[in-house]
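Take a look at the structure below.
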Amino acid sequence: MNLQLYDHDNRARFVTFCTHQCIPVLTNNRFRRIVIDDIDQVRRDTGFRLLAYVRMPEHVHLVIMPPADAELGPPVGDIKRISSLHIHESMDNGNGNLIKRLTIVRDGVKKFALWQRRCYDHNCRTVESVWEKVNYCHNNPVVRGLVKSPEDYRWSSCRAYLGKEDSLLAIDFDV
207 MNLQLYDHDN RARFVTFCTH QCIPVLTNNR FRRIVIDDID QVRRDTGFRL LAYVRMPEHV
267 HLVIMPPADA ELGPPVGDIK RISSLHIHES MDNGNGNLIK RLTIVRDGVK KFALWQRRCY
327 DHNCRTVESV WEKVNYCHNN PVVRGLVKSP EDYRWSSCRA YLGKEDSLLA IDFDV
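So the mapping is simple: my numbering equals the position in the sequence shown, first residue as 1, plus 206.
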């Protein structure tokens with residue numbers, strides 16, 4: 207059974223998007239920072255509220271609330287498009303093999319493809335569901351063995367929830 211996704215219902219959405227073929231591209235601080243900065247830029251441009259995030263080596267999770275009059279697809283597409291462009295522009299000759307792995311042929315044209323075309327989207331129908339997804343974001347690096355404790359992972363919203371001043375993105379705490 208397919209659940210219908212709803213825009214314009216003023217509820218939080220849990221979104222996941224992955225790199226092409228789940229290649230761990232986001233493993234250096236330059237590429238990590240680009241993704242974080244582009245999330246922030248698209249957030250300012252579109253007005254979505256950011257409740258949580260985590261940037262992993264090959265995927266990103268977001269818990270966001272689009273404005274009531276907006277759809278989810280355009281801001282997520284903008285994040286993927288802009289970050290792909292910025293990462294591609296920042297690659298140097300040392301990334302030749304990676305660029306080859308991220309080059310695809312679509313409609314007879316070679317293209318750089320940082321992200322998979324699709325993303326996963328879940329409607330958070332209750333406040334409990336929102337907090338479940340926030341905690342999922344924060345615990346993902348621990349489960350993957352990247353850190354021992356969620357607050358040790360710089361590339362998530364956990365540090366913002368703990369009131370740390372070195373948090374990378376401002377969080378909208380009102381669910």
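C-beta: ideal position from N, C-alpha, C; glycine also.
Contact check, Tyr-259 vs Cys-343 under 8 Å by CB: the rounded distance? Within the sequence shown, the letter at position 53 stands for residue 259. Within the sequence shown, the letter at position 137 stands for residue 343. Their Cβ separation, rounded to whole angstroms, is 6 Å, which keeps Tyr-259 and Cys-343 in contact under 8 Å.
Whether Val-282 touches Cys-325 by CB criterion (8 Å): Position 76 of the sequence shown holds residue 282. Position 119 of the sequence shown holds residue 325. With a cutoff of 8 Å on beta-carbon distance, Val-282 and Cys-325 are scored as near each other.
Limits of the beta strand (DSSP E) - the one that Ile-310 falls within: For the purposes of this step, residue 310 is taken as residue 104 along the sequence shown, with counting starting at 1. Start and end: 309-312.
Do you know offhand how far Asn-208's Cα is from Asp-298's? Taking the sequence shown and counting its residues from 1, the one referred to as residue 208 is at position 2. Taking the sequence shown and counting its residues from 1, the one referred to as residue 298 is at position 92. Confidence is the limiting factor: at Asn-208 the pLDDT is only 44, short of 50, which leaves the residue's position unreliable, though a coordinate-based value still follows. Using only the alpha carbons, I get a separation of about 43 Å.
Quickly, what does DSSP pair Ile-270 with across the bridge? List them, please. By one-based count along the sequence shown, residue 270 stands at place 64. Residue pairing for Ile-270: DSSP places it in a beta bridge opposite Arg-219, Leu-256.
Report yes if the C-beta distance between Cys-364 and Glu-371 is below 8 Å; otherwise report no. Position 158 of the sequence shown, counted from the start, is the residue given in the question as residue 364. Position 165 of the sequence shown, counted from the start, is the residue given in the question as residue 371. No, the Cβ-Cβ distance between Cys-364 and Glu-371 is not below 8 Å.
Tell me Lys-317's beta-bridge partners as DSSP assigns them. Against the sequence shown, residue 317 aligns to sequence position 111. Lys-317 has Ile-310 as its beta-bridge partners, per DSSP.
Could you please give the first and the last residue of the uninterrupted beta strand (DSSP E) stretch that includes His-328? On the sequence shown, position 122 is the one that residue 328 refers to. 326-329 is the span of the beta strand (DSSP E), which, as asked, contains His-328.
Own chain residues within Cβ distance below 8 Å of Arg-238, not counting five before or after: As a working mapping, residue 238 is identified with position 32 in the sequence shown. For Arg-238, where only same-chain residues beyond five positions count, the Cβ hits under 8 Å are Leu-232, Arg-261, Trp-361.
My guess is that Val-266 and Phe-223 are in contact by the Cβ rule of under 8 Å, so how many angstroms apart are they, rounded? Here residue 266 corresponds to residue number 60 of the sequence shown, with the count starting at 1. Here residue 223 corresponds to residue number 17 of the sequence shown, with the count starting at 1. Right, the Cβ-Cβ distance comes to about 6 Å (below 8 Å), so this counts as a contact.
Closest residue to Trp-337 among Tyr-367, Pro-347, Arg-350 (Cα-Cα distance): By one-based count along the sequence shown, residue 337 stands at place 131. Taking Trp-337 as reference, the option from Tyr-367, Pro-347, Arg-350 with the minimal CA-CA separation is Tyr-367.
Apart from the five residues just before and just after Arg-255, which ones in its own chain have a Cβ nearer than 7 Å to its Cβ? Taking the sequence shown and counting its residues from 1, the one referred to as residue 255 is at position 49. Excluding sequence neighbours, Arg-255 sits near Ile-270, Met-271, Asp-378.
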